[in-house]
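With my numbering, letter number 293 in the sequence shown gets 277, and the count goes up by one each step, no holes. Quick reminder that beta carbons are idealized off the backbone N, C-alpha and C, glycines included.
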Amino acid sequence: MLDAEILARIQFAFTVSFHIIFPSFTIGLASFLFVLEAMWLRTRDDTYLTLYKFWLKIFALAFGMGVVSGIVMSYQFGTNWGPFSEFTGGVIGPLMAYEVLSAFFLEAGFLGIMLFGLNRVGPKLHFLATTMVAVGTLFSAFWILSANSWMQTPDGYVIENGRAVVTSWIDAIFNPSFPYRLVHMVLAAYLTTAFVVGAVGALHLLRDRENRAARIMFSMAMWMAAIVAPIQIMAGDMHGLNTLEHQPAKVAAMEGHFETREGAPLILFGLPDMKAEETRYAVEIPKLGSMILTHDWDGKITGLNDFAPEDRPNATIVFWTFRIMVGVGVLMALLGIASLIARFRHKLYDCKHLHRFALIMGPSGFVAILAGWFTTEVGRQPWVVYGLMRTSEAGSPVTATAIAGSLIAFVVVYSIVFGVGTAYILRAMNHDPRNAHVPTGEFLRAGGRQLAAHNNPQAGE
């Protein structure tokens, strides 16, 4: 039987895993919609507007599911993690409030215009609404990542009466890991959207390689893969160096190192055994681990055995989630390189093998994000606030039976609601984007004058 702490962690992991899929998609998709509408305004090519309408429906549904799944998570702080909420309320509470005031209100305020206002407010004002929604999604990522980063590398606080109290909001918000985590997450969101868009474009190119809407989607997505995937690898390296400085036990678990070594190898694969305190069946490259982590062939890497047993994260999980994330990232970069080769050979829209590769890679961004978040959160254990509060101290006095009951309810409801929503999104993606309904070009170029004439016949005479 699992105890209440483990069940509460499983419940939160389940709900946050469902939730993170949708914001990571909408962050990138909002910016993609911004680019599409900007291209339409610049070129007056109605294909860009067609694509905008095609993806707008998908964005609306993903945004709604992200909001619903996020609301459920917040309740768990009060039901399952009361002591954590009490200890960190002075820090996490305001950061979440800032997210609502500066991000969610901005998104919600302009979302209606973005979804329904194209025929009513004119192209330029509608473009402003799209821009504000895209900016709002980035603001949301800013505040959420700041709060989570503070839990990883707390700064700008003092402990008073058993609670964390902020002494410097600048230090608390821009804590040591925040810049690296923000860049890494935003790039991940852009890549996630790019690979979904690329997969949809590839699907329709496989059906009709003359489909111009599919060509534009695929080309834009492959440029993103070719440019951003290598940048993401570099950003991940910088994030790893920051983690090595502030959370060395997490890095030791990620790398599968139990013994402290100079000139440590890079363990490609193996089976970390927490009880035996070794990584079995390790496939290693000599000294490469030290070179990657310290940029020195003989650099010193601290092993898990240098930490007390009660302070060690579970290397068995973190070791493999980290490799899944990195492996997917390498495949993304390879697809980007392959697309560049095909583009320079003028075969970007004709190479079916490339299109099939892109189609298979469609969900890769979600896999990488989930693996990365599991690496980050499991690697922080046994701390819920690193170095300040253990997870065992953060739970509410709720019975395991009660948590198990709500967990089962979450699994059933989430599987039905979000399963149906996801199925609808996939069905929408399967439709030919050329069939997306758009207002006539003359109407939009008139900036709404035809609507005014329709409402007031005398004005149109």
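Could you pull out every residue in the same chain whose Cβ sits closer than 6 Å to the Cβ of residue i, ignoring the five residues on either side in sequence?
i: residue 459; result: No statement about residue 459 is possible, as the shown extent of the chain runs from -15 to 445 and does not include it.
i: residue -4; result: 60
i: residue 308; result: 355
i: residue -8; result: 64, 379, 387
i: residue 15; result: 118
i: residue -6; result: none
i: residue 203; result: none
i: residue 21; result: 36, 111, 114
i: residue 143; result: none
Among the residues of its own chain, which have a CB less than 7 Å from the CB of residue i, if the five just before and after it don't count?
i: residue 75; result: 134, 141, 148, 150, 156
i: residue 303; result: 237, 238, 240, 256
i: residue -12; result: 379, 382, 383, 384, 387
i: residue 56; result: -1
i: residue 265; result: 254, 255
i: residue 169; result: 125, 129
i: residue 439; result: Only weak support is given to the placement of residue 439: the predicted model assigns it a pLDDT of 39, under 50, and the value that follows is read from those uncertain coordinates. For residue 439, where only same-chain residues beyond five positions count, there are no Cβ hits under 7 Å.
i: residue 446; result: Coverage of the chain is limited to positions -15 through 445, which leaves residue 446 absent and any answer about it impossible.
i: residue 50; result: 3, 6, 7, 10
Does DSSP classify residue i as helix, strand or coil?
i: residue 21; result: helix
i: residue 259; result: coil
i: residue 373; result: strand
i: residue 65; result: coil
i: residue 237; result: helix
i: residue 246; result: strand
i: residue 328; result: helix
i: residue 253; result: strand
i: residue 82; result: helix
i: residue 281; result: coil
i: residue 194; result: coil
i: residue 267; result: strand
i: residue -12; result: helix
i: residue 424; result: Note that residue 424 has pLDDT 45, beneath the 50 cutoff, so the model's placement of it is unreliable and no number is given.
i: residue 210; result: helix
i: residue 398; result: helix
i: residue 56; result: helix
i: residue 446; result: This structure gives no information on residue 446, because the portion of the chain shown stretches from -15 to 445.
i: residue 28; result: coil
i: residue 104; result: coil
i: residue 368; result: strand
i: residue 418; result: helix
i: residue 296; result: coil
i: residue 150; result: strand
i: residue 381; result: coil
i: residue 216; result: helix
i: residue -4; result: helix
i: residue 136; result: helix
i: residue 226; result: helix
Using a Cβ-Cβ cut-off of 8 Å (strictly less than) and excluding sequence neighbours within five positions of residue i, which residues of its own chain qualify?
i: residue 297; result: 233, 234, 237, 362, 363, 364, 365, 366
i: residue 340; result: 186, 190
i: residue 424; result: A caution first: residue 424 carries a pLDDT of 45, below 50, which makes its placement in the model unreliable, though a value can still be read off. Contacts found: none.
i: residue 53; result: -1, 2, 3, 6, 398, 402
i: residue 280; result: 274
i: residue 282; result: 246, 247, 271, 274
i: residue 396; result: none
How about residue i and residue j: do their beta carbons lie closer than 7 Å?
i: residue 219; j: residue 167; result: yes
i: residue 72; j: residue 46; result: no
i: residue 87; j: residue 123; result: yes
i: residue 249; j: residue 269; result: yes
i: residue 502; j: residue 338; result: This structure leaves residue 502 out entirely; the chain is present only between -15 and 445.
i: residue 184; j: residue 413; result: yes
i: residue 33; j: residue 24; result: yes
i: residue 243; j: residue 273; result: no
i: residue 317; j: residue 213; result: yes
i: residue 79; j: residue 131; result: yes
i: residue 173; j: residue 8; result: yes
i: residue 278; j: residue 359; result: no
i: residue 83; j: residue 127; result: yes
i: residue 197; j: residue 27; result: no
i: residue 165; j: residue 109; result: no
i: residue 230; j: residue 121; result: no
i: residue 312; j: residue 352; result: yes
i: residue 320; j: residue 205; result: no
i: residue 68; j: residue 368; result: yes
i: residue 261; j: residue 289; result: yes
Which whole-angstrom value describes the C-beta separation of residue i and residue j, a residue pair presumed to lie in contact below a C-beta threshold of 8 Å?
i: residue 192; j: residue 160; result: Contact doesn't hold; Cβ gap of about 51 Å is too wide.
i: residue 301; j: residue 35; result: The pair is not a contact, with the Cβ atoms about 40 Å apart (cut-off 8 Å).
i: residue 350; j: residue 176; result: 6 Å
i: residue 271; j: residue 247; result: 5 Å
i: residue 418; j: residue 195; result: 7 Å
i: residue 258; j: residue 299; result: 6 Å
Mind checking whether the beta-carbon of residue i lies closer than 6 Å to any heavy atom of the ligand ZN?
i: residue 159; result: This structure simply doesn't include the ligand ZN, nor any ligand for that matter.
Cβ contact check for the region 89 to 104 and the region 113 to 129: 3 or more pairs under 8 Å: yes
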